[in-house]
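Residue numbers (full-length UniProt numbering), protein chains in the order written: chain Z, 1 to 221; chain F, 1 to 221; chain C, 1 to 221; chain A, 1 to 221.
Number of protein chains: 4
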Amino acid sequence: MTAETSRTGRQRLAPEVRRRQVLDAAVAVFSEEGFHGASMDAVAARAGVSKPLVYAHGGSKDELFAACLHREAERLLHAVQAAAGDTGEAPLVRLRRALRAFFHALTTRRAGWTVLYRQASTGPFAGEVDALRRRIVGQAADLMAGGLGVPRPVALPYAHTLVGAAEGLADWWLGDPEADGVGDAEPADVLADMLLAVVGPGIAALTGGPIPWSTPVSDER
Amino acid sequence: MTAETSRTGRQRLAPEVRRRQVLDAAVAVFSEEGFHGASMDAVAARAGVSKPLVYAHGGSKDELFAACLHREAERLLHAVQAAAGDTGEAPLVRLRRALRAFFHALTTRRAGWTVLYRQASTGPFAGEVDALRRRIVGQAADLMAGGLGVPRPVALPYAHTLVGAAEGLADWWLGDPEADGVGDAEPADVLADMLLAVVGPGIAALTGGPIPWSTPVSDER
Amino acid sequence: MTAETSRTGRQRLAPEVRRRQVLDAAVAVFSEEGFHGASMDAVAARAGVSKPLVYAHGGSKDELFAACLHREAERLLHAVQAAAGDTGEAPLVRLRRALRAFFHALTTRRAGWTVLYRQASTGPFAGEVDALRRRIVGQAADLMAGGLGVPRPVALPYAHTLVGAAEGLADWWLGDPEADGVGDAEPADVLADMLLAVVGPGIAALTGGPIPWSTPVSDER
Amino acid sequence: MTAETSRTGRQRLAPEVRRRQVLDAAVAVFSEEGFHGASMDAVAARAGVSKPLVYAHGGSKDELFAACLHREAERLLHAVQAAAGDTGEAPLVRLRRALRAFFHALTTRRAGWTVLYRQASTGPFAGEVDALRRRIVGQAADLMAGGLGVPRPVALPYAHTLVGAAEGLADWWLGDPEADGVGDAEPADVLADMLLAVVGPGIAALTGGPIPWSTPVSDER
DNA sequence: CATGAATGAGTATTCATTCAT
DNA sequence: GATGAATGAATACTCATTCAT
Chain Z
1 MTAETSRTGR QRLAPEVRRR QVLDAAVAVF SEEGFHGASM DAVAARAGVS
51 KPLVYAHGGS KDELFAACLH REAERLLHAV QAAAGDTGEA PLVRLRRALR
101 AFFHALTTRR AGWTVLYRQA STGPFAGEVD ALRRRIVGQA ADLMAGGLGV
151 PRPVALPYAH TLVGAAEGLA DWWLGDPEAD GVGDAEPADV LADMLLAVVG
201 PGIAALTGGP IPWSTPVSDE R
Chain F
1 MTAETSRTGR QRLAPEVRRR QVLDAAVAVF SEEGFHGASM DAVAARAGVS
51 KPLVYAHGGS KDELFAACLH REAERLLHAV QAAAGDTGEA PLVRLRRALR
101 AFFHALTTRR AGWTVLYRQA STGPFAGEVD ALRRRIVGQA ADLMAGGLGV
151 PRPVALPYAH TLVGAAEGLA DWWLGDPEAD GVGDAEPADV LADMLLAVVG
201 PGIAALTGGP IPWSTPVSDE R
Chain C
1 MTAETSRTGR QRLAPEVRRR QVLDAAVAVF SEEGFHGASM DAVAARAGVS
51 KPLVYAHGGS KDELFAACLH REAERLLHAV QAAAGDTGEA PLVRLRRALR
101 AFFHALTTRR AGWTVLYRQA STGPFAGEVD ALRRRIVGQA ADLMAGGLGV
151 PRPVALPYAH TLVGAAEGLA DWWLGDPEAD GVGDAEPADV LADMLLAVVG
201 PGIAALTGGP IPWSTPVSDE R
Chain A
1 MTAETSRTGR QRLAPEVRRR QVLDAAVAVF SEEGFHGASM DAVAARAGVS
51 KPLVYAHGGS KDELFAACLH REAERLLHAV QAAAGDTGEA PLVRLRRALR
101 AFFHALTTRR AGWTVLYRQA STGPFAGEVD ALRRRIVGQA ADLMAGGLGV
151 PRPVALPYAH TLVGAAEGLA DWWLGDPEAD GVGDAEPADV LADMLLAVVG
201 PGIAALTGGP IPWSTPVSDE R
């Protein structure tokens with residue numbers, strides 16, 4: 001018997017590997033069908049495993065969905081947080097970094113974002129979903145209020161606006177066949193700059209200062 | 001006893017009236033429970049009619065949902081189109097009118113919006129919603145390219161950004177409990193101005209001209 | 001189309017008829033397989049209807065089982081109560097009547113008895129089953145204590161003994177191929193007399209009196 | 001480190017020891033949960049071994065349950081048979097011995113009795129239990145016909161009645177919370193005497209002789 | 001030998017959909 | 001035409017059973 005054993009039939013994998021496999025499939029299916037529309041059969045089929053295994057590693061459908069939500073939220077939050085970390089640079093550079101990380105996450109992990117944001121806030125997960133969305137948008141609001149000096153009362157709705165705008169742009173980029181004319185630069189970076197071109201002046205106006213990112217920022221990353 | 005009533009409690013209504021009754025109930029139920037979560041029983045109960053009648057007037061569940069989608073989409077599109085009609089005013093005033101109409105439709109017909117966007121964006125009707133979204137974005141792109149002189153290649157992604165931003169702000173307004181602190185002004189107008197404050201300067205910068213809406217616009221409407 | 005409509009396909013029956021049909025099937029299946037062993041599929045098949053109909057008329061499996069328990073218990077209790085009613089006759093004649101009614105119920109409605117008595121007192125119905133059993137045996141104990149003067153402290157265990165004896169005898173009668181040699185008399189009456197021959201003297205000894213039923217009792221009934 | 005232990009926590013036990021361990025656990029679990037309610041996981045956990053080991057030593061679930069049934073049945077039969085053995089004493093003393101042994105087995109091995117009678121009397125093992133019951137009843141019938149001179153044609157139904165009565169009394173004793181008021185005497189003996197008080201006179205009347213056990217029997221045992 | 005990991009087959013329950021009246 | 005009654009098809013979840021290590 002070779003080192004890879006039989007390719008077909010029962011595969012005996014390490015629990016954490018299986019768990020990731022199941023969660024990946026669940027995120028994919030939930031993002032495509034929604035919570036109610038997704039069936040545990042579909043998740044199992046997508047993962048290429050049997051249904052009991054899904055239950056063994058993901059728990060009930062509710063627990064599985066919650067696990068998907070949390071994993072994807074943490075990933076997104078960490079990615080943006082790491083990118084927006086206070087490195088002594090100007091706040092606007094941090095915003096740009098954060099947007100790049102956000103677009104990177106959005107374009108490379110589409111399903112995770114869909115699970116987090118395209119799910120209705122009705123049903124048994126309204127609380128969970130809302131709390132996670134609040135955290136994500138809260139990050140943006142903190143950045144705007146704390147670093148950029150946007151007045152507190154409007155920071156939250158503006159953060160929602162910003163996130164929505166980013167999502168609309170990403171949707172276009174991901175879904176539109178004509179959207180490939182961005183050259184050979186890193187797409188996430190291009191998208192971030194496009195978004196900044198639209199919302200940057202408005203934010204700058206809110207803070208009263210000039211529009212610093214109209215001057216080139218060194219292409220760190 | 002008129003011709004419209006019968007011995008029994010059954011009301012013999014004109015077909016189009018019945019159809020509207022059923023559609024209204026369906027929009028309400030779908031917006032609250034989602035496509036999969038809503039049951040035809042619930043729709044029938046909400047409409048105050050029997051289930052076979054729902055089938056007679058609304059077709060299958062899929063057809064019924066599609067009908068909801070289309071009716072609400074047409075309403076939204078017409079409202080925006082009417083508001084953005086070329087009335088000889090400056091293009092940016094037209095944009096502002098369009099945004100106000102958009103937010104007005106959304107805040108007054110909340111259920112329709114929810115059905116269109118939050119419930120259908122995943123699942124078997126993602127395609128329908130996408131097509132509708134494309135029409136809305138097309139309107140915005142026309143406005144930007146035709147009226148404002150935004151260079152064609154960027155008009156489309158910018159329109160996507162704009163529409164996404166509007167959706168994000170709308171979601172905040174509809175879903176966030178703290179979002180009611182807009183004073184006693186017409187909420188739709190406030191939302192439109194909030195959105196313009198964020199994206200307006202950027203769009204104006206693209207066209208090279210001044211920022212016309214920074215000067216008060218007569219509160220027509 | 002004749003008066004009996006189509007024999008096959010959907011039969012539209014009155015709700016109470018269907019309910020009885022479903023309950024009868026449920027009693028039969030539960031008595032044969034036990035609560036856990038019985039499947040709702042089996043109940044539906046036995047009733048000759050579809051599974052949703054079983055749910056429509058019987059509720060959940062738990063509710064269905066509880067309904068079976070209650071219906072059969074009421075039937076048995078009423079049958080025995082009616083037979084043992086205080087008609088001014090000697091208490092022992094009432095006991096004999098009660099036993100005849102009991103055997104009649106046992107031999108003609110075997111499944112009902114099995115559901116009531118052969119189900120384990122473990123599981124979600126321990127309370128229900130115990131309460132019903134208590135009522136049935138309580139009837140016997142009342143008869144023994146109230147009418148026959150059996151001392152209270154032993155009336156209950158003796159009632160259990162009596163019921164067990166009756167059940168054993170009925171088992172023999174129902175299950176044993178050699179048990180048909182009872183002539184052409186009503187079997188329930190013969191069984192009652194056989195049981196009285198075994199336990200009668202003992203009960204009489206407990207009360208201190210003679211053994212009255214060793215002298216012929218007029219064959220009323 | 002002896003040959004019986006290994007490096008790991010696994011205990012390498014003699015097969016018959018393991019088998020008894022498994023059977024004991026199975027009897028316990030089956031008696032508490034019923035055949036369908038019991039899971040092989042629960043049996044394994046109760047036995048403190050892994051599930052495959054249960055299969056290795058107990059066979060399939062059906063085989064395991066049948067093995068429980070047979071072991072407990074043999075124990076009960078042997079106990080009664082040994083007690084009723086022809087020791088030269090009066091037949092009625094033998095009957096009393098047998099009853100005491102029966103109730104003793106029952107009160108000391110409650111789980112075994114529950115498995116045999118309350119769990120298996122319905123479901124796929126009704127036949128097995130019936131056969132066992134026939135053997136027990138046969139013992140009683142032999143005693144009555146052979147020793148006590150009860151006429152053959154009635155010995156069998158009377159034996160069924162007797163065994164049924166014993167079961168009813170046993171169920172009361174095991175299940176009724178008020179059944180512990182038997183003083184400090186050996187419960188099995190008290191139960192035997194209670195049963196004899198009910199059925200003894202009747203049996204004695206059948207044989208025409210006196211009632212021998214109304215005179216004290218030396219408390220051998 | 002002993003076990004953790006995996007699965008095929010089944011169970012209770014619901015829902016979209018359609019006859020029979 | 002309108003409805004109560006009925007069902008086929010699915011869905012979440014579990015369990016007896018068996019490989020692979």
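Yeah, the Cβ is synthetic: ideal placement off N, Cα and C, and Gly gets one too. Please read all numbers here as calculations on a predicted model, not as lab measurements.
Which of the three DSSP states, helix, strand or coil, is assigned to residue i?
i                : result
Ser31 (chain F)  : helix
Tyr12 (chain C)  : It should be noted that the sequence gives Arg, not Tyr, for residue 12 (chain C). Coil.
Ala141 (chain A) : helix
His36 (chain F)  : coil
Asp176 (chain Z) : coil
Arg135 (chain A) : helix
Leu23 (chain A)  : helix
Ala44 (chain A)  : helix
Val115 (chain A) : helix
Pro157 (chain F) : helix
Starting from the beta carbon of residue i, find every residue of chain A whose beta carbon is closer than 7 Å, and list them in chain order.
i                : result
Ser60 (chain C)  : Simply none; closest approach about 17 Å.
Leu174 (chain C) : Near Leu174 (chain C) there are no residues of chain A at all, since even the closest Cβ is about 11 Å away, more than 7 Å.
Closer than 7 Å by beta-carbon distance: list the chain F residues that pair up with residue i, in chain order.
i                     : result
Leu64 (chain Z)       : Near Leu64 (chain Z) there are no residues of chain F at all, since even the closest Cβ is about 16 Å away, more than 7 Å.
residue 228 (chain Z) : The question about residue 228 (chain Z) has no answer here: the residues shown for chain Z are numbered 1 through 221.
Pro151 (chain Z)      : The contacting residues do not exist; Pro151 (chain Z) stays about 11 Å from chain F at best.
Anything in chain F within Cβ reach of residue i, meaning under 9 Å, just list it in chain order.
i               : result
Ser50 (chain Z) : Residues of chain F passing the Cβ test: none, with the nearest at roughly 24 Å.
How many Å lie between residue i and residue j at the Cα?
i                : j                : result
Arg19 (chain C)  : His57 (chain C)  : 5 Å
Gln81 (chain A)  : Ala105 (chain A) : 12 Å
Val43 (chain C)  : Cys68 (chain F)  : 41 Å
Glu16 (chain Z)  : Arg118 (chain C) : 47 Å
Trp173 (chain A) : Ala159 (chain A) : 21 Å
Leu191 (chain Z) : Asp171 (chain Z) : 11 Å
Leu92 (chain A)  : Gln139 (chain A) : 14 Å
Tyr103 (chain F) : Val150 (chain F) : Note that residue 103 (chain F) is Phe in the sequence shown, not Tyr. Their Cα atoms are separated by approximately 23 Å.
Glu63 (chain C)  : Arg71 (chain C)  : 12 Å
Asp193 (chain A) : Val49 (chain A)  : 43 Å
Ala66 (chain A)  : Phe125 (chain A) : 8 Å
Ala120 (chain C) : Arg75 (chain A)  : 22 Å
For residue i, tell me which candidate among the options has the shortest Cα-Cα distance.
i                : options                                : result
Met144 (chain A) : A:Thr207, A:Val190, A:Ala25            : A:Thr207
Ala47 (chain F)  : F:Gln21, F:His70, F:Glu63, F:Leu64     : F:Gln21
Lys61 (chain Z)  : Z:Asp142, Z:Ala26, Z:Pro91, Z:Arg94    : Z:Ala26
Gly123 (chain A) : C:Ser31, C:Gln11, C:Asp24              : C:Ser31
Leu77 (chain F)  : F:Val129, F:Tyr158, F:Trp173, F:Leu169 : F:Val129
Leu195 (chain F) : F:Gly175, F:Glu167, F:Ala185, F:Pro157 : F:Glu167
Val115 (chain A) : A:Ala155, A:Gly88, A:Tyr55, A:Ala28    : A:Ala28
Val199 (chain Z) : Z:Ala185, Z:Leu99, Z:Gly59             : Z:Leu99
Ala165 (chain F) : Z:Asp176, Z:Leu132, Z:Gly202           : Z:Gly202
Note the first and the last residue of the continuous alpha helix (DSSP H) segment covering residue i.
i                : result
His104 (chain Z) : 91-108
Gln65 (chain F)  : The displayed chain sequence assigns Phe, not Gln, to residue 65 (chain F). It spans 61-84 - the alpha helix (DSSP H) in which Phe65 (chain F) sits, taken as one unbroken run.
His57 (chain A)  : 51-58
Thr207 (chain A) : 187-207
Given that residue i touches chain C, what residues does it touch there, using C-beta distances under 8 Å?
i               : result
Arg96 (chain A) : None at all; the shortest Cβ gap to chain C is about 14 Å.
Taking Cβ-Cβ distances shorter than 8 Å, what residues in chain Z pair up with residue i?
i                : result
Leu169 (chain F) : Pro157, His160, Thr161, Gly164
Can you list the residues of chain A that residue i reaches, using a CB-CB cut of under 9 Å?
i                : result
Leu206 (chain C) : Ala197, Val198
Thr107 (chain C) : Within 9 Å Cβ-Cβ: nothing; Thr107 (chain C) doesn't reach chain A, min ~14 Å.
Closer than 8 Å by beta-carbon distance: list the chain A residues that pair up with residue i, in chain order.
i                : result
Ile203 (chain C) : Val198
Using a C-beta to C-beta distance shorter than 8 Å, which residues of chain F count as neighbours of residue i?
i               : result
Gly37 (chain Z) : Phe35, His36, Thr122, Gly123, Pro124
For a contact defined as C-beta to C-beta under 7 Å, what are the partners of residue i on chain Z?
i                : result
Gln119 (chain F) : Ala120
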